Amino acid sequence: MNIQAMANEIPSEGEHSIEGIDFITSGDQYLTFTLSHEQYAVDILCVEEIRSWERPTIIPNSPTYIQGVINMRGVIVPIIDLRLKFSIGEASYTETTVVIVLTYQDDVASRTMGFVVDAVSDVLNVESEEIKPAPQFGGCVPPQYIEGLINAEANVVTLLNVANLQLLEKDDNHA
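Here is the structure:
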């Protein structure tokens with residue numbers, strides 16, 4: 001065994017030389033999830049964590065789509081049921097129901113909110129030119145929450161705008 005030859009094969013800092021594994025993607029990554037058999041996605045860089053469904057503490061007089069709040073390591077996180085907010089199917093809580101906790105940082109502050117979805121599906125690698133503008137024909141999801149559409153094999157995935165999702169509780173105060 002030639003130790004010097006083996007040492008020469010060790011990649012130096014910044015090199016990646018593991019065959020068969022692709023560590024670097026050139027596009028952005030999006031976490032996909034389902035709401036009543038429809039596919040949606042959010043920027044994976046905004047995903048703080050994915051939690052199993054647990055009943056949050058109810059906030060009196062809040063809109064029906066705000067399920068309440070949870071304490072996540074000392075941070076009070078509002079929980080929004082996207083099915084109720086967007087009127088997509090019935091709000092039922094099963095073993096696949098999860099809360100996707102998203103944190104969005106803008107120039108002013110950071111905001112963390114949890115969003116109830118039916119199930120998490122996959123992670124998509126998408127080039128920016130693959131994101132198509134959403135048609136303005138009026139679906140369940142208001143256009144300000146849609147960043148675009150992505151073709152993923154046989155499905156069309158609706159890419160949601162995380163910055164605008166974080167404003168959900170401010171724009172609609174009815175129950």
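Everything in the sequence shown is counted per the UniProt record's numbering, starting at 1 for the first residue and increasing by one. Glycine included, every Cβ here is placed at the ideal spot set by N, Cα and C. Please read these numbers as outputs of a predicted model, since none were measured by experiment.
Checklist entry - What residue does the beta strand (DSSP E) around residue 41 start on, and which one ends it? => result For the purposes of this step, residue 41 is taken as the residue at position 41 of the sequence shown. Its beta strand (DSSP E) spans residues 38 to 43.
Next on the checklist: What ranges does the beta strand (DSSP E) occupy inside the UniProt domain "CheW-like" (27 to 171), keeping only unbroken runs of at least 3 residues that lie completely in it?
Outcome noted: 28 to 35, 38 to 43, 47 to 52, 66 to 72, 75 to 81, 98 to 105, 110 to 117, 119 to 126, 146 to 152 and 155 to 160
Next on the checklist: Is the beta carbon of residue 117 closer than 8 angstroms to that of residue 100?
Outcome noted: The residue labelled residue 100 in the question sits at position 100 within the sequence shown. The residue labelled residue 117 in the question sits at position 117 within the sequence shown. Yes, they are a contact pair.
Checklist entry - When the Cα atoms are used, what is the spatial distance from residue 63 to residue 83? => result Translated into positions along the sequence shown, residue 63 becomes position 63. Translated into positions along the sequence shown, residue 83 becomes position 83. So the alpha carbons of these two residues sit roughly 13 angstroms apart.
Item to check | Proximity of residue 114 and residue 132 at Cβ, strictly below 8 angstroms | outcome: If you number the sequence shown from 1, residue 114 lands on position 114. If you number the sequence shown from 1, residue 132 lands on position 132. No, these two residues do not count as a Cβ contact at 8 angstroms.
Next on the checklist: If I measure Cβ to Cβ from residue 49 and keep anything under 7 angstroms in the same chain, skipping five residues before and after, which residues do I get?
Outcome noted: Along the sequence shown, read from residue 1 onward, the residue named residue 49 stands at position 49. Result list for residue 49: 101, in chain order.
Checklist entry - What is the rounded straight-line gap between the Cα of residue 29 and the Cα of residue 51? => result What you label residue 29 is simply residue 29 of the sequence shown in a count that begins at 1. What you label residue 51 is simply residue 51 of the sequence shown in a count that begins at 1. Spanning the two alpha carbons is a distance of roughly 20 angstroms.
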